[in-house]
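**Student:**
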DNA sequence: TTACCACCTGGGAATAACTACCAACTAAAA
DNA sequence: TTTTAGTTGGTAGTTATTCCCAGGTGGTAA
Ligand SMILES: [Mn+2]
Ligand SMILES: [Mn+2]
Ligand SMILES: [Zn+2]
Ligand SMILES: [Zn+2]
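Chains as they are written, first to last, in the working numbering: chain S, 1 to 177; chain U, 1001 to 1177.
(1) For a minimum of 4 consecutive residues, which ranges assigned as the alpha helix (DSSP H) are wholly contained in the stretch 1064-1089 of chain U?
(2) For residue 1136 (chain U), go through chain S and note every residue whose CB falls closer than 7 Å to its CB, in chain order.
(3) With three or more beta-carbon pairs closer than 8 Å as the criterion, would you say the stretch 1045-1053 of chain U touches the stretch 1062-1074 of chain U?
(4) Indicate the three-state DSSP secondary structure (helix, strand or coil) for residue 147 (chain S) in the structure shown.
(5) Have a look at residue 1028 (chain U) and residue 151 (chain S) and give me their C-alpha separation to the nearest angstrom.
(6) Go ahead and label residue 13 (chain S) buried or exposed: buried means 16 or more other beta carbons lie within 10 angstroms of its beta carbon, across all protein chains shown.
(7) On a CA-only basis, which of S:85, S:148 and S:89 is nearest residue 18 (chain S)? Give me that one, please.
(8) Which of the three DSSP states is assigned to residue 131 (chain S) in this structure?
(9) DSSP three-state label for residue 1014 (chain U), please.
(10) State yes or no: is the C-beta of residue 107 (chain S) nearer than 7 Å to some heavy atom of ligand 5?
(11) Have a look at residue 1110 (chain U) and residue 1117 (chain U) and give me their C-alpha separation to the nearest angstrom.
(12) Taking 8 Å as the CB-CB limit, is residue 1073 (chain U) close to chain S?
(13) Name the residue from U:1067, U:1097, U:1046 and U:1047 whose alpha carbon lies nearest to the alpha carbon of residue 1055 (chain U).
(14) Could you tell me which chain U residues have their CB closer than 7 Å to the CB of residue 124 (chain S), listed as they occur along the chain?
(15) How far does the alpha helix (DSSP H) with residue 1109 (chain U) in it reach, from first residue to last?
(16) Am I right that residue 145 (chain S) and residue 139 (chain S) are in contact with their C-beta atoms under 8 Å? What's the rounded C-beta distance?
(17) Where does residue 124 (chain S) land, buried or exposed, given buried means 16+ other C-beta within 10 angstroms?
(18) Just by C-beta distance, which residues in the stretch 47-71 of chain S are closer than 7 Å to chain U?
(19) Are the C-beta of residue 37 (chain S) and some C-beta of chain U separated by less than 8 Å?
(20) Following the continuous beta strand (DSSP E) through residue 97 (chain S), name the residue where it begins and the one where it ends.
(21) Quick one, which residues of the stretch 108-123 of chain S are near chain U if we go by CB-CB under 7 Å, in chain order?
(22) Three Cβ pairs or more, each shorter than 8 Å: is that satisfied between the stretch 66-75 of chain S and the stretch 98-108 of chain S?
(23) Flag residue 1101 (chain U) as yes when its Cβ comes closer than 7 Å to any non-hydrogen atom of ligand 2, and as no otherwise.
(24) For residue 1034 (chain U), which three-state DSSP category applies?
(25) Among U:1094, U:1038, U:1147 and U:1128, which has the Cα closest to the Cα of residue 1081 (chain U)?
(26) With residue 141 (chain S) and residue 1147 (chain U) assumed to form a contact (beta carbons below 8 Å), what rounded beta-carbon distance in angstroms separates them?
(27) Could you list which residues in chain S have their beta carbon closer than 7 Å to that of residue 1142 (chain U), in chain order?
(28) Please report whether the beta-carbon of residue 1097 (chain U) lies at a distance below 8 Å from any beta-carbon of chain S.
(29) Which residues share a DSSP beta bridge with residue 137 (chain S)?
(30) For a contact defined as C-beta to C-beta under 8 Å, what are the partners of residue 1131 (chain U) on chain S?
(31) From which residue to which residue does the beta strand (DSSP E) around residue 1118 (chain U) run?
(32) Would a check of beta-carbon distances place residue 4 (chain S) closer than 8 Å to chain U?
(33) For residue 1010 (chain U) and residue 1044 (chain U), I'd like the C-alpha separation in whole angstroms.
(34) Less than 8 Å separating the beta-carbons of residue 42 (chain S) and residue 20 (chain S)?
(35) Using the rule of at least 16 other Cβ atoms within 10 Å of the residue's Cβ for burial, across every protein chain shown, is residue 127 (chain S) buried or exposed?
(36) Taking just the CA atoms, how far does residue 149 (chain S) sit from residue 1136 (chain U)?
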C-alpha cells in the first residue's frame, strides 16, 4: 500500500538531519542547556523508527554514553515532549512510547505483537478540524488509535480480537542497526 | 448541551437494570460461576457514571462486602472486559478506568481534572466503518480520544494545552450517591 | 441433600514503570 | 577564568497491577 510520503526512508533521513541540526537552537530558545545527554537522546529518538520505550532509548544511548542514567532518559524525554520535540504515545495500557516524528500523524497498534506503526488518516484530521468547542469543552486535540492485527500476527492465528495482557514484550524480529 | 439519548439518566437506569438482570445468564454462558463478588462488582460498575478505576470500584464494593480483596476486583474487571461485559478505557497514561456501558461510544478527556466523559461521534464511527483491512492490517477497532479542557478547568485558567503529570487525582467535586 | 471438585477467592509478596530526592557536576553567561 | 543556575546520576520510594497458593464454595451429579 505504498504509504504516504512522510513514511518513506528518504523522507525520514532528511527529516532526522534537519531536526538534529536545529536541536541546539531549539534548546537555547527554551533556555535549556545543550548537554551531551540531551543530544544523545534526541539522536537516538530521531533515528528510531519503532516508537521506543524509555528503557529502549536508554539501552541505545548507553552504547555511546555508558554512564547515562535511566532517570535522565525519562526526564529528558518528558522535556522533549513539553518543548514539542517529541510525542508521547500511550496506547493500550503498556509503558509509554516516544516518537521523534512530530509531524501530525496517527498510530496503528497491533494487539498481537504490540508494535506501533505510523499512519496518515486525513479523514481523522478532518474529524473535529473546524470546531473549537464541543459544548462546554474546549478542544485541544483529537487522537485516533486504530487497533489491528498485523500480517505477521494474523498468520500466527492467535489473538482473536481481545486486548493482550500487559507487559508482554513486542517480538524482536531483528536487532536494530 | 443536551447530549445524545444514551447519555440520559432515564436511559442509564433502564440499561443498568437490563444488564444486571442478564448478568447471571451471561456468566453461565461463559462457564463462569455467579459469585457474590462478581455480582457486586458488576453492580458497582453498572451504577457508576464516572469511569472508575479499579481501586474506586474496590472502595465502593467494600461497603457491602468488606472482605473482598483488591486482587479479586482487578481480576474480575479484566474478566468482564474479556467477556464483553465491560470496557477498559486507558486514556493519557494514568491507571486504567472501567466502563460498564458497552454500547459503542467514544471518550472525551479533560487534561485538567482528568475526568472522562462519554461522547457520541458518528463521524468517527464512519471513519473506517466500511473497511476490513488497511493494507496488511486487519482492522479490529478504532478508538477516538478527544482531549479537552472542561468548563470547570477552563475557568480556573491553568493548563494551557500540555499534558498533565500522571497520578494526579481527579477533583472529587462531590460524593457519589 | 449431600458429596465432590473445578473453579474462585483473599491476602501478601513481587514486579514494572515510573518519580522524588539530593549531592556532585557543568554549560554558558559575565 | 569565575560563577552559578541549571543538570545529572544514583538510589530510594511510589503506584498500579500481577503472581502465587492455601483455603473456600457454586454448581451439579448421584
Ligand atoms: Mn509515530
Ligand atoms: Mn464511557
Ligand atoms: Zn503484530
Ligand atoms: Zn476538567
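From the three backbone atoms N, C-alpha and C, an ideal C-beta is built for every residue, glycine too.
**Tutor:** Working from what's here:
(1) 1070-1082
(2) 150 and 151
(3) no
(4) strand
(5) 35 Å
(6) exposed
(7) S:85
(8) coil
(9) helix
(10) Ligands displayed in this structure: ligand 1, ligand 2, ligand 3 and ligand 4; ligand 5 is not among them.
(11) 8 Å
(12) no
(13) U:1097
(14) 1127
(15) No alpha helix (DSSP H) holds residue 1109 (chain U); the beta strand (DSSP E) holding it covers 1106-1110.
(16) Not quite, the Cβ-Cβ distance comes to about 17 Å (not below 8 Å), so this is no contact.
(17) buried
(18) none
(19) no
(20) 97-99
(21) 108, 111 and 123
(22) no
(23) yes
(24) coil
(25) U:1038
(26) 5 Å
(27) 144 and 146
(28) no
(29) S:134
(30) What residue 1131 (chain U) touches in chain S: nothing, since even the nearest Cβ is about 10 Å away.
(31) 1116-1119
(32) Since pLDDT at residue 4 (chain S) reaches only 47, below the 50 mark, its modelled position is unreliable, and no value is offered.
(33) 18 Å
(34) yes
(35) buried
(36) 9 Å
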